[in-house]
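Chemist:
There are 2 protein chains.
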Amino acid sequence: MNIILLEEREIHGGRVVLDDRRAVHIQKVLRATVGDRVRVGLVNGPMGSGVLTAVVKGRPTRVELVVELSEHPAHQPELDIILALPRPIMLRRILGQLAALGIGTLFIIQANRVEKSFWDSSLLEQHEYLEHLRHGLEQAVDTRLPQVQIFKRFKPFAEDFLPRIKDDYRFRILAHPYGTSTLAGYLGPGPGRILLAVGPEGGWVDFEVDRFEAQGFCCCSMGERILKVDTAVVALHARVSAIREMLCR
Amino acid sequence: MNIILLEEREIHGGRVVLDDRRAVHIQKVLRATVGDRVRVGLVNGPMGSGVLTAVVKGRPTRVELVVELSEHPAHQPELDIILALPRPIMLRRILGQLAALGIGTLFIIQANRVEKSFWDSSLLEQHEYLEHLRHGLEQAVDTRLPQVQIFKRFKPFAEDFLPRIKDDYRFRILAHPYGTSTLAGYLGPGPGRILLAVGPEGGWVDFEVDRFEAQGFCCCSMGERILKVDTAVVALHARVSAIREMLCR
């Protein structure tokens, strides 16, 4: 936890009282005492610092902070990701990692090779996935919570929803081991948002590739190595970011 | 398991008999039967295919293959990594991910902010870490096993060992959030190996940074976000690979 995240409703006249894992973290990990300053941020708002004005040990541990929030948060990341629903244990890790790396919106979708049972996961309930996203922000010192949108059926997503949003994106990438383009060959300089689609273990089926291509997606490969989805998502995010940074220098 | 990995000693006159998890995988996941062809490779050797000549169900499941190994393995990756020992659960994942992404050698070292208890892990025994590296190769369809070298003390590594190997590398990168260089600013075109050092949670201490800089390492940052080690290692590997591919086109 490299930043203590607060909600608007928790702040009253510049004061915050915490009695959950954040209070424990401030006492046990940061070992902060009255008068110390800790890094705080408002979810989807500015960052700043909080000065400890009271510490009550015991159960629950309780701390009081006076906060000052005046730093603008990071810019909105230019990358949004479409992810075929992975198995829950992997999704949990990916949520934290993507929030830490920084993305705008995560579209979690059905695909042919997604196991049906994955949709039963409680992780898809808002209070569950938000927790993992927040952990990622706390790690990376950011306040901008990625949006999450869930589509339990592929065709309505690809045929109704994608056509409505596709023009928001200058670059549309379908990660595909058999893609003939490379990310560096496809991406270009200048402003514009990027939409990246990452398939399930086993990959996209031909029908899905066709539907994405019909919406102007370019099939890009990272090379011949077959990666697990959690490795691939992080590697793709990093590659797209590095290439864009080089092109936009 | 996208390739069945074999050891030299298992092959007798072009024939292999398997009765472990590889045999189970061939029967249960690939559902291969006599006459079918599966992808095989020799650890640190060529790749090819194997034709099933016998299947014996039961315990243990047993399969017999006639193998033909004529494809050259992938080139040796140009990247070696120095990693401050992470906690065992994280190291396990990193071993598989790095083998899947492809590296030459992994140097696992002590650093000031490495918890002493991490050194008690059985993962540091060869038969344990080799297993995770093999899983990575099986995932990525590669046969080239990364080398692993372990250094339980920082000073002998940095002051005795590094000076002996540093000239094998054209680029020496110390990943450091406060680095003033960027990977794209430091890396250049043309051939040459790369050595990348990734610190523990909490980062390198000043003494360690000094020692690496004394051996010609350049402090490079990926930006302001603080990442967990497993995320950072994969992202750094991907960024270095993407930048080098662009510069060497």
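Chains as they are written, first to last, in this note's numbering: chain S, 17 to 265; chain R, 17 to 265. Heads up, the beta-carbon is just placed ideally off N, CA and C, and yes, glycines get one too. Quick caveat, the model's predicted, so the values are computed rather than measured.
1) Spatial neighbours of GLU154 (chain S) within its chain, please: C-beta separation below 7 Å, excluding the five flanking residues on both sides.
2) Between ASN60 (chain R) and chain S, is there a C-beta pair that is closer than 8 Å?
3) Kindly list the residues whose CB is nearer than 6 Å to the CB of PRO216 (chain R), restricted to its own chain and excluding five residues on each side of it in sequence; keep chain order.
4) For GLN163 (chain R), which three-state DSSP category applies?
5) Could you have a look at GLY57 (chain R) and say whether DSSP puts it in helix, strand or coil?
6) Where do the ends of the beta strand (DSSP E) carrying LEU117 (chain R) lie?
7) For ILE98 (chain R), which option in R:VAL72, R:GLY51, R:THR198 and R:PHE233 has the closest C-alpha, if you only look at C-alpha atoms?
8) Apart from the five residues on each side of it in sequence, which residues of its chain come closer than 6 Å, Cβ to Cβ, to ASP158 (chain R)?
9) Measuring CB atoms only, is the stretch 72-81 of chain S touching the stretch 36-55 of chain S, in the sense that at least three cross pairs come out at less than 8 Å?
10) So what does DSSP say about SER133 (chain S), is it helix, strand or coil?
11) Cβ closer than 9 Å: which chain R residues qualify as neighbours of ASN128 (chain S)?
12) Terminal residues of the continuous alpha helix (DSSP H) containing SER138 (chain R)?
13) Spatial neighbours of GLY30 (chain S) within its chain, please: C-beta separation below 8 Å, excluding the five flanking residues on both sides.
14) Taking 8 Å as the cut-off, decide whether the C-beta atoms of HIS192 (chain R) and LEU95 (chain R) are in contact.
15) Please specify which runs of the beta strand (DSSP E), each continuous and at least 3 residues long, are wholly inside the stretch 63-106 of chain R, giving them in chain order.
16) Secondary structure at ARG188 (chain S), three-state DSSP: helix, strand or coil?
17) Leaving out five residues on either side along the sequence, give the residues of the same chain with a beta carbon under 7 Å from the beta carbon of THR196 (chain S).
18) Suppose you measure from the CA of GLY120 (chain S) to the CA of GLN165 (chain S); what does that come to, to the nearest Å?
19) Do the CB positions of PHE134 (chain S) and PRO104 (chain S) come within less than 8 Å of each other?
20) Which full runs of the beta strand (DSSP E) of 3+ residues lie inside the stretch 215-264 of chain R, going along the chain?
21) Would VAL157 (chain S) count as contacting chain R if we go by Cβ distances under 8 Å?
22) Would you list, in chain order, the members of the stretch 104-133 of chain R that have their beta-carbon closer than 9 Å to a beta-carbon of chain B?
23) Pick out whichever of R:VAL221, R:GLY208 and R:ILE189 has its Cα sitting closest to the Cα of MET238 (chain R).
24) From the DSSP output, read off the bridge partner residues of LEU211 (chain R).
25) Using beta-carbon positions only, say whether LEU199 (chain R) and VAL256 (chain R) come within less than 8 Å of one another.
26) Measure the Cβ-Cβ separation of LEU263 (chain R) and PRO205 (chain R) and say whether it is below 8 Å.
27) Of all the CB atoms in chain S, is at least one closer than 8 Å to the CB of MET262 (chain R)?
28) Work out the CA separation of LEU122 (chain R) and VAL56 (chain R) for me, nearest whole Å.
29) Would you say the beta carbon of ALA100 (chain S) is closer than 7 Å to some non-hydrogen atom of the ligand FAD?
30) Mind pulling the chain S residues with CB within less than 8 Å of VAL250 (chain R)?
31) Comparing alpha-carbon positions, which option in S:HIS88, S:LYS244 and S:ALA251 lies nearest THR247 (chain R)?
32) Between the beta-carbon of GLN113 (chain S) and the beta-carbon of ARG160 (chain S), is there less than 8 Å?
33) Rounded to a whole number of angstroms, what is the C-alpha to C-alpha distance between GLY152 (chain S) and MET106 (chain S)?
34) Nearest by alpha-carbon distance to GLY218 (chain S): which of S:VAL245, S:SER86 and S:TYR202 is it?
35) Using alpha carbons as the reference points, say which of R:PHE167, R:ASP52 and R:LEU211 lies closest to ASP184 (chain R).
36) Kindly indicate which three-state DSSP category ILE19 (chain R) falls into: helix, strand or coil?
Modeler: Per the coordinate set shown:
1) The answer, listed in chain order, is MET17, ASN18, ILE19 and LEU21.
2) By this cut-off, ASN60 (chain R) is not an interface position.
3) ALA100, ALA127, ARG129 and VAL130, listed in sequence order.
4) Strand.
5) Judged by DSSP in its simplified three-state form, GLY57 (chain R) adopts strand.
6) From DSSP, LEU117 (chain R) is part of no beta strand (DSSP E) but of the alpha helix (DSSP H) over 104-117.
7) Among R:VAL72, R:GLY51, R:THR198 and R:PHE233, the Cα nearest to that of ILE98 (chain R) is on R:PHE233.
8) These residues qualify, in order along the chain: ALA90.
9) When C-beta atoms of the stretch 72-81 of chain S are compared with those of the stretch 36-55 of chain S, three or more pairs fall below 8 Å, so the two segments count as touching.
10) Three-state result, SER133 (chain S): helix.
11) For ASN128 (chain S), none of the residues of chain R pass the 9 Å Cβ criterion, the least Cβ distance being about 18 Å.
12) Premise fails: SER138 (chain R) is in no alpha helix (DSSP H) and is neither H nor E.
13) Counting only Cβ-Cβ distances below 8 Å, and skipping sequence neighbours, we find VAL82, VAL83 and GLU84.
14) Contact: no.
15) Fully enclosed beta strand (DSSP E) runs of no fewer than 3 residues occupy 63-72, 78-87 and 95-100 of the stretch 63-106 of chain R, in order along the chain.
16) In this structure, ARG188 (chain S) counts as strand in the three-state DSSP scheme.
17) In its chain, beyond the 5 residues on either side, CYS235 have a beta carbon closer than 7 Å to the beta carbon of THR196 (chain S).
18) Roughly 11 Å separates the two Cα atoms.
19) With respect to PRO104 (chain S), PHE134 (chain S) sits close: the two C-beta atoms are nearer than 8 Å.
20) Here the runs fully enclosed are 234-237.
21) It does: the Cβ of VAL157 (chain S) has a partner Cβ on chain R nearer than 8 Å.
22) Here the protein chains are S and R, and chain B is not one of them.
23) Ranking R:VAL221, R:GLY208 and R:ILE189 by Cα distance to MET238 (chain R) puts R:ILE189 first.
24) Note: LEU211 (chain R) sits in a beta bridge opposite R:ASP96 and R:ARG188.
25) With a cutoff of 8 Å on beta-carbon distance, LEU199 (chain R) and VAL256 (chain R) are scored as near each other.
26) Their beta carbons are under 8 Å apart, which means LEU263 (chain R) touches PRO205 (chain R) by this criterion.
27) Interface residue, yes.
28) Between the alpha carbons of VAL56 (chain R) and LEU122 (chain R) lies a gap of roughly 25 Å.
29) Absence of the ligand FAD from the depicted structure is noted, as is the absence of any ligand whatsoever, leaving it without description.
30) Within chain S, the residues THR247, VAL250, ALA251 and ALA254 have their CB atoms less than 8 Å from the CB of VAL250 (chain R), given in chain order.
31) The candidate whose alpha carbon is nearest that of THR247 (chain R) is S:ALA251.
32) For GLN113 (chain S) and ARG160 (chain S), no; Cβs fall outside 8 Å.
33) Distance between the alpha carbons of GLY152 (chain S) and MET106 (chain S): 14 Å.
34) Residue S:VAL245 is the option with its Cα nearest to GLY218 (chain S).
35) Distance from the Cα of ASP184 (chain R) is smallest, within the candidate group R:PHE167, R:ASP52 and R:LEU211, for R:LEU211.
36) The answer is coil: DSSP assigns ILE19 (chain R) none of H, G, I, E or B.
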